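*Asks:*
Chains as they are written, first to last, in my numbering: chain A, 5 to 392; chain B, 38 to 254.
(1) So, is the C-beta of residue 64 of chain B closer than 7 Å to a C-beta in chain A?
(2) So within the segment 190-218 of chain B, which uninterrupted alpha helix (DSSP H) runs reach at least 4 residues, ignoring any that extend past its ends?
(3) I'd like to know if the segment 193-210 of chain A and the segment 107-125 of chain A are in contact, where contact means that at least 3 CB-CB pairs between them fall below 8 Å.
(4) Taking the alpha-carbon of residue 378 of chain A as reference, which of A/330, A/304, A/139 and A/354 has the nearest alpha-carbon?
(5) Could one say the Cβ of residue 177 of chain A lies closer than 7 Å to chain B's Cβ atoms, at least one of them?
(6) State the beta-bridge partners of residue 144 of chain A as determined by DSSP.
(7) Could you confirm whether any beta carbon from chain B is found closer than 7 Å to the beta carbon of residue 376 of chain A?
(8) If residue 83 of chain A and residue 234 of chain A are in contact, beta carbons under 8 Å, what's the gap, nearest whole angstrom?
(9) Could you give the first and the last residue of the continuous alpha helix (DSSP H) run that contains residue 241 of chain A?
(10) Going by other Cβ atoms of all chains shown within 10 Å of its Cβ, with 16 needed for buried, is residue 149 of chain A buried or exposed?
(11) Just tell me which of B/163, B/170, B/91 and B/242 has its CA closest to the CA of residue 183 of chain B.
(12) Residue 183 of chain A versus chain B: which residues are under 7 Å apart at the beta carbon?
(13) Can you give me, in chain order, the residues of the segment 71-90 of chain A that have a beta carbon less than 8 Å from any beta carbon in chain B?
(14) At what residues does the alpha helix (DSSP H) containing residue 102 of chain A begin and finish?
(15) Just checking my contact of residue 252 of chain A with residue 388 of chain A at CB under 8 Å: how many whole Å lie between their CB atoms?
(16) Can you give the beta carbon distance from residue 229 of chain B to residue 89 of chain B, rounded, assuming they're within the 8 Å contact cut?
(17) For residue 41 of chain A, does the count of other Cβ atoms within 10 angstroms reach 16, so buried, or fall short, so exposed?
(18) Taking a Cβ distance cut-off of 7 Å, strictly less, list which residues of the segment 118-140 of chain A are near chain B, in chain order.
(19) Assuming residue 50 of chain A and residue 137 of chain A form a contact by the criterion Cβ under 8 Å, report the distance between their Cβ atoms to the nearest whole angstrom.
(20) Taking the alpha-carbon positions, what's the residue 393 of chain A to residue 237 of chain A distance?
(21) By the DSSP assignment, the beta strand (DSSP E) with residue 156 of chain A in it spans what residues?
(22) Take residue 106 of chain A as the anchor and find which of A/262, A/269, A/96 and A/89 has the nearest alpha-carbon.
(23) For residue 229 of chain A, tell me which candidate among A/371, A/216 and A/98 has the shortest Cα-Cα distance.
(24) Look up residue 96 of chain B in the DSSP assignment and say whether it is helix, strand or coil.
(25) Is DSSP giving residue 273 of chain A helix, strand or coil here?
(26) Can you tell me the Cα-Cα spacing of residue 45 of chain A and residue 110 of chain B, whole angstroms?
(27) Helix, strand or coil: how does DSSP classify residue 388 of chain A here?
(28) Check each candidate in A/121, A/191, A/71 and A/386 and name the one with the smallest Cα separation from residue 205 of chain A.
(29) Should residue 107 of chain B be flagged as near chain A, meaning a C-beta pair shorter than 7 Å?
(30) Against residue 240 of chain B, what residues of chain A qualify as contacts under a CB-to-CB distance less than 8 Å, listed in chain order?
(31) Residue 224 of chain B: buried (16+ other C-beta within 10 angstroms of its C-beta) or exposed?
(32) Please identify the residue among A/333, A/313, A/332 and A/331 whose C-alpha is closest to the C-alpha of residue 324 of chain A.
(33) With H, G and I counted as helix, E and B as strand and the rest as coil, what does DSSP make of residue 116 of chain B?
(34) Can you confirm whether residue 51 of chain A, when its beta carbon is compared against all beta carbons of chain B, has any partner nearer than 7 Å?
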């Protein structure tokens, strides 16, 4: 295990390579975290216990994030691995279900490629600072998930009239009985959406324990806090779930506020759809590239709609040029963007990216500050050195 | 359990009690910094060799590792709110230590501190840290003995069902039950307010057998 000077790499204000301490540069950027092969794959470790890991930005240059470097977030850490864990479906249903792994084979299998992003991704860039896991940009990834539609399971259980929400419970338990359990709910409408899956495979392999084995929810377009891992109970109910993780945590101001402004609880709403966002994967902040062709590659997505365009600026936002978009788009699905230009003079270069989705939503220049530091989606900027 | 060893353990537990147990709980910062996954971060860099404050060890490290504190950059007001929130959730902070802990954290991890150095971890190592590992040299079949040892040494803080109490964290149905080396390390070195228990492999394996049975796979 080696330390990285990630604060340099992560800081939006970080200086170019020339200003970096030589030692840090050699050990950090050129060293372990370049991901040149599976054997060399590294994650950024935010906390060891519980395990919270971020994906290095260099992996944001492709459609699919490899599972072994896919970010990991959990409040309490996983339960022990139990491939036979059953899924109980109850509450306001005609008949409750108790499903084992084999029982899910009775439903149509569905595959969907989409972005999983923590609601707190980018928290460390909010000013004033806010408490919580201090994510850089690495709490996101895109994978192909395989599973069955939650709607199909609920149809089999026969949802009763008057139901409004679906409670989701995982098998993970808090460290003490006095700590609130991580229990969430999603509106029934979202649960019945054909893209909402109970998944058992990720990138073609059975889910790993870190990613929710044996079953997790997949809610494309919505923040990761809805994607319950180690899913063990689905209960249909009338109202939105009570408790800390719905009524206090994972909430966002209904109206824009000033940085640092307090928000009364009744002026907040639960997180749901991810706003439009783009992140530059390469070049890395503070890296060094030779004079000649430069390639800027990144990913862009929106929870609402497909990406319409990604623009890149090399003059601090005065002029913008459209980057090429690659791959299939859609709500909650990222596309790779690529922009090439030529550099003949050595020096320090900066590039910024901003994405716009098919509904016209576009990234703000400044982040929308909020008390818990959710949904950072300001223009991402990277500075690198070009040498002869 | 064998008669003599059982008696030794009983005596050990009886002698410590809560107060004695808590007084012992101190993790040297250097040991943490040298640990397999870092997390000692900025504080250890600024104060090389300095011990982690007992305020932090006793009240935070049962549930968190120190990096969770290290990476925060908060005002005194924010730290006070965090400490209050954690006490509400069961952090065993004595009333007289509430202000002291908030002041300590505000001073160490205030808004003016320079950037935090994140650690990195190999992908394979991260996976192995939570997925089940072989039991190796620890015999994990002696359920009866494990039950007795659990009652004698663990139950008071971790609860009859292993789901934790005001004193100790939940240990039932956790990945650590399938990481016998890590489990043994926590027992032998302590963690947070948990004291050290100098147990052998047979005893540790037996306790594991009992805990696994509390929540059968």
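Every residue, glycine too, gets a C-beta built ideally from N, C-alpha and C.
If you're wondering where the values come from, they're calculated on a predicted model, not measured in any experiment.
*Replies:* Once the coordinates are examined:
(1) At residue 64 of chain B, the pLDDT of 34 sits below 50, so the modelled position is not reliable; the number obtained from the coordinates is stated separately. It does not; no Cβ of chain A falls within 7 Å.
(2) 192-195
(3) Short answer: they touch.
(4) A/139
(5) yes
(6) According to DSSP, which records beta bridges pairwise, residue 144 of chain A is partnered with A/121.
(7) no
(8) 6 Å
(9) Premise fails: residue 241 of chain A lies in the beta strand (DSSP E), 235-241, not in any alpha helix (DSSP H).
(10) buried
(11) B/242
(12) 126 and 127
(13) Only 72, 73, 76, 81, 82, 83, 84, 85, 86 and 88 from the segment 71-90 of chain A bring a Cβ to less than 8 Å from some Cβ of chain B.
(14) Looking at the DSSP string, residue 102 of chain A is not in any alpha helix (DSSP H); the run it does join, the beta strand (DSSP E), is 101-103.
(15) Not confirmed; about 41 Å, so no contact.
(16) In fact, because the Cβ distance is near 11 Å, the residues do not count as touching under 8 Å.
(17) Annotation note: pLDDT 44 at residue 41 of chain A (below 50); position unreliable, no value reported.
(18) 133, 135 and 138
(19) Residue 50 of chain A to residue 137 of chain A, Cβ: 5 Å. Contact.
(20) Nothing about residue 393 of chain A can be reported from this structure: the residues present for chain A run from 5 to 392 only.
(21) No beta strand (DSSP E) holds residue 156 of chain A; the alpha helix (DSSP H) holding it covers 154-161.
(22) A/89
(23) A/216
(24) helix
(25) strand
(26) 29 Å
(27) Reduced to three states, the DSSP call for residue 388 of chain A is strand.
(28) A/71
(29) no
(30) The premise fails here: residue 240 of chain B is roughly 21 Å from chain A at the closest Cβ pair, so nothing lies under 8 Å.
(31) buried
(32) Checked all of A/333, A/313, A/332 and A/331; the closest Cα to residue 324 of chain A is A/313.
(33) helix
(34) yes
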